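Written below as structure tokens is the structure these notes are about.
There are 4 protein chains.
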Amino acid sequence: MKKVLVTGFDPFGGESINPATESVKQLPDELLGVQIIKREIPTVFDCSLDVLYTLLDEEQPDAVICVGQAGGRPNITVERVAINQDDARIPDNEGAQPIDRTIFEDGPAAYFSTLPIKAMVRDMKAAFVPAAVSNTAGTFVCNHVMYGALHYAATKAPKLKAGFVHIPYLPMQTVDKPTMPSMSQDEIVKGLTALIKTVISVEEDVKETGGAVC
Amino acid sequence: MKKVLVTGFDPFGGESINPATESVKQLPDELLGVQIIKREIPTVFDCSLDVLYTLLDEEQPDAVICVGQAGGRPNITVERVAINQDDARIPDNEGAQPIDRTIFEDGPAAYFSTLPIKAMVRDMKAAFVPAAVSNTAGTFVCNHVMYGALHYAATKAPKLKAGFVHIPYLPMQTVDKPTMPSMSQDEIVKGLTALIKTVISVEEDVKETGGAVC
Amino acid sequence: MKKVLVTGFDPFGGESINPATESVKQLPDELLGVQIIKREIPTVFDCSLDVLYTLLDEEQPDAVICVGQAGGRPNITVERVAINQDDARIPDNEGAQPIDRTIFEDGPAAYFSTLPIKAMVRDMKAAFVPAAVSNTAGTFVCNHVMYGALHYAATKAPKLKAGFVHIPYLPMQTVDKPTMPSMSQDEIVKGLTALIKTVISVEEDVKETGGAVC
Amino acid sequence: MKKVLVTGFDPFGGESINPATESVKQLPDELLGVQIIKREIPTVFDCSLDVLYTLLDEEQPDAVICVGQAGGRPNITVERVAINQDDARIPDNEGAQPIDRTIFEDGPAAYFSTLPIKAMVRDMKAAFVPAAVSNTAGTFVCNHVMYGALHYAATKAPKLKAGFVHIPYLPMQTVDKPTMPSMSQDEIVKGLTALIKTVISVEEDVKETGGAVC
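Chains as they are written, first to last, in the numbering used here: chain A, 1 to 214; chain B, 1001 to 1214; chain C, 2001 to 2214; chain D, 3001 to 3214.
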């Protein structure tokens, strides 16, 4: 493996920063001798995949790890599966709010992550970062991008490993949400660093439970 | 529509009753002129589908709604999708604990419920029963049975509608779990009755958000 | 013991009913040969105690159990203690929102419930109703009324037993709050009936943990 | 103000470290020109106050802030009140488990914190550290020590300001508790530093709501 692409999202819903992108930016440019390309994609159903596909065409990475935020989750969650369905409870950054829409008419109902998800969780926990497998990436832009990345791999780049990781709220985002958990950016960067190393070094996933909660 | 099959599970993990089955048993034998067949299937990966498939072969229902328990959820959740993966954190009733195992080698990655899931949620809420769409049925026997029911429909009974519904803990189950939500059996039966009526009477699902939390 | 007064609150915040009052109204007029007086008091800091004190003067009950709602708690909670402090996050039914105000300048910092709180929890759980001791009644009108009832007993009616019980949301209240637990009215009435019987029949509280969560 | 005493607890329940003490140790020795004394007290009902009282006698600080852990809370909580009651769900570090025991027979039912709790929360939030007022310190050793500190001030040191602060789990403690929130030690130290500055510099508390959840 020579190159890993890691993506965050642009600021969403009037915010001035996006925590996923900020955390991605903090990652080193190289890990275990592998180049880490860090990029931002728009929180927009329609053009997120245009941007991602252009990046994949240009960079031709060995693996792509997309990172988004799942406010309310207390730990870093590695997504197991993306489903072929958009169903937005709120509008995206361009005001689109698709309901029960198939992402790719010619795509399968779902794609499983081709990253070693169990090993990624194991290695984050070994670094003392709370982590778990998640069985749903939702039905908003995060799932859309994960499905799209795996569809690209399935149709155009069979050697590309692809998957999605959700991070919690940052502490600054929960200051007025007193029941909501958060995770500091340092902790998130530590977790992302650990899981990228796993993606680089683990060929085949381990067979063990990943502590999925939902 | 002439016949709907509704299934619960046999008692699990040393319990003497299974709340899903108890609630299913309380349902009427007929709703809106349609026969309601109520049956129990084992909480066992390997034979749950043998039992279900025998029931489907014998009864040839127009729709099958499988009901299981998702302890910790506060409302009745209608599952959107089943994935082609078993991944058990605990053993089933015969001690089997498959990890990351494909359910049907020749099956797709996932099946979407063919029940009108949004309308089912809408109608439960109209009856004042807390309800939501869920985007994951987990990776235990519930997901296994949902996937199996939809695989049966896809391969053998194209007119059969199939899907899965999760119910919360009963109050008696949370007496020593002081942070856990519960729902009374009367409320559950009211919700199941409402959603079965929806399955019987709604041809095409509504396009509206279903309030999914995860 | 000859007479027990049980109070609920009037509808709050524009709602047409108050679940605590509705549940209280469903209670029988007599339990174990003891008269159960059911009354409503206003959700207003300033006059709630005027109404309560008039009721206590007129009825001269042996025990008073005030019932309010703590939305978000999954079980019936018996309050251990009331503190001499009003601190409202939202206005009461007459628009008053006291911040850090002492309730009675000549009162102690707190009063402990004089009801057998551990036995009440034990007996609700024996009736399969989820229940726990709570260590805080908050700082809104519920705590105000509990403190006021105990202050009345301490200063005017030394034989009067007094305390407070919080009930969860009703299911109809959580229909659009998909993460919130609820409890059906039947279950609540069963719990209140059980705890009133305990208040009537238990002279001295049991020494056992009450499963307090906070 | 010349001297502030900040205490943590010794390791509890077989753990090799106590997060509250580790965080306290990271604090600077001086803040705003005021000396910060950092000490550890035992997680034992019977001798915790012996140790604390010896420290208070020897150091004669202007303020004492005791710090403990409330696993499960997502933010730093400043306690409003301590109650005159021990009620342990688990044994302390010497195996004692008092149930419904009065702490000081000659003490009042409760003491309110004499720290500026609302300003402490305001200032932590201004530093982007999630924080809230809490209305209960529980009934274990934390509440015991808070009550004891305030009793000491009330009976022996009228100028001493005293109170209690709860911190969340550290991330390393929730690695196998996938539903539990945590806060990194850096974030905790940032919050404690902010609140100690508030204690040093704010004479009278602000009158505003503190975002208490329970």
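Every residue gets a Cβ at the ideal spot worked out from N, C-alpha and C, and that includes glycine. Values in this document were obtained by computation on a predicted structure and should not be read as measured data.
So, helix, strand or coil for leucine 5/A, using DSSP?
strand
Item to complete: Determine the extent of the alpha helix (DSSP H) in which valine 2189/C is found, giving its start and end residues.
Response: 2185 to 2201
Taking 8 Å as the threshold (C-beta atoms), are valine 3206/D and alanine 3063/D in contact? no
Next item on the list: Specify the secondary structure class of phenylalanine 3012/D as computed by DSSP and reduced to three states.
Entry: coil
8 Å Cβ cutoff, asparagine 2135/C in contact with chain D = yes
>> Considering just the uninterrupted stretch of the beta strand (DSSP E) at valine 2081/C, what are its terminal residues?
In response: 2081 to 2083
Any beta carbon of chain C sitting closer than 8 Å to that of alanine 1070/B? no
Run the CB neighbour count on isoleucine 3090/D, radius 10 Å, all protein chains shown included, and call it buried at 16 or more, exposed below. exposed
* Asked: For the stretch 2185 to 2200 of chain C against the stretch 3026 to 3033 of chain D, are there 3 or more C-beta pairs whose distance is under 8 Å?
  -> no
Does the beta carbon of lysine 207/A come closer than 8 Å to any beta carbon on chain B? yes
*asked:* For a test of the three-state rule: what should DSSP assign to threonine 2077/C, helix, strand or coil?
replied: strand
### Query
Rounded to a whole number of angstroms, what is the C-alpha to C-alpha distance between valine 2081/C and valine 2044/C?
20 Å
Rank Lys2159/C, Val2051/C, Ala2149/C and Thr2139/C by C-alpha distance to the C-alpha of threonine 2002/C and give the top, closest one. Sequence inspection shows lysine at residue 2002/C; the threonine mentioned does not correspond to that position. Closest option to lysine 2002/C, Cα to Cα, is Lys2159/C.
*asked:* Using only the alpha-carbon positions, how far apart do glutamine 3069/D and histidine 3144/D sit?
replied: 14 Å
>> Less than 8 Å between C-beta atoms, sequence neighbours within five positions excluded: which residues of the same chain meet that for serine 113/A?
In response: Val78, Glu79, Arg80, Val81, Ala82, Met146, Leu150, Ala162, Gly163 and Phe164
Per-residue burial, aspartate 2087/C [other beta carbons within 10 Å of its own, 16 or more giving buried]: buried
Are the beta-carbon atoms of methionine 3185/D and serine 3048/D separated by less than 8 Å? Reading off the sequence shown, one finds glutamine at residue 3185/D, where the question assumed methionine. Contact: no.
query: With C-beta atoms as the reference, is asparagine 1084/B less than 8 Å away from alanine 1110/B?
result: yes
Original post:
If we cut at 8 Å on Cβ distances, does glutamate 22/A have a partner in chain D?
Top reply: no
Practice task
Show which residues of chain B have a CB atom less than 7 Å away from the CB atom of isoleucine 83/A.
Solution key: Val1081 and Ala1110
Indicate whether at least one CB of chain A lies closer than 8 Å to the CB of isoleucine 1076/B.
no
| message | So, for serine 3182/D: in the same chain, excluding its five sequence neighbours on each side, which residues have a beta-carbon less than 7 Å away from its beta-carbon? | response | Pro3168, Tyr3169, Leu3170, Pro3171, Gln3173 and Thr3174
Range covered by the alpha helix (DSSP H) that runs through alanine 1110/B:
No alpha helix (DSSP H) holds alanine 1110/B; the beta strand (DSSP E) holding it covers 1110 to 1112.
Check the Cβ of aspartate 2062/C against every Cβ in chain D and list those closer than 9 Å, keeping chain order. By Cβ distance, chain D contributes nothing, its closest Cβ being about 23 Å from aspartate 2062/C, past 9 Å.
> Going along the stretch 1137 to 1164 of chain B in order, which residues come within less than 7 Å of chain A, judged by CB to CB distance?
Replying inline: Gly1138 and Thr1139
* Asked: If you check the beta carbons only, do threonine 2198/C and aspartate 2123/C fall under 8 Å apart?
  -> yes
Which same chain residues, not among the five before or five after cysteine 2066/C, have their C-beta less than 7 Å away from its C-beta? Thr2007, Val2145, Met2146, Ala2149 and Phe2164
### Message
Could you check whether the Cβ of methionine 1/A sits closer than 8 Å to any Cβ belonging to chain D?
### Response
no
Point to revise | Within chain C, the residues that isoleucine 3099/D reaches when beta carbons sit closer than 7 Å | key: Lys2207, Glu2208 and Thr2209
* According to the Cβ coordinates, are isoleucine 99/A and glutamate 1208/B closer than 8 Å? -> yes
Going along the chain, which residues of the stretch 3167 to 3198 of chain D sit with their C-beta nearer than 7 Å to a C-beta in chain A? Pro3171, Met3172, Thr3174, Val3175, Pro3178, Thr3179, Met3180, Pro3181, Ser3182, Ser3184, Asp3186 and Glu3187
- Query: Taking the alpha-carbon positions, what's the serine 3201/D to threonine 1179/B distance?
  - Reply: 39 Å
*List the residues of chain D whose Cβ lies closer than 7 Å to the Cβ of alanine 132/A, in chain order.*
Pro3178
Indicate whether valine 3051/D and proline 3042/D have their beta-carbon atoms separated by less than 8 Å. yes
Practice item. With glutamate 40/A as the anchor, note down where its beta strand (DSSP E) starts and where it stops. Key: 34 to 41
Quick one: measure Cβ to Cβ for leucine 1005/B and leucine 1055/B, integer angstroms, because I've assumed they're closer than 8 Å. 6 Å
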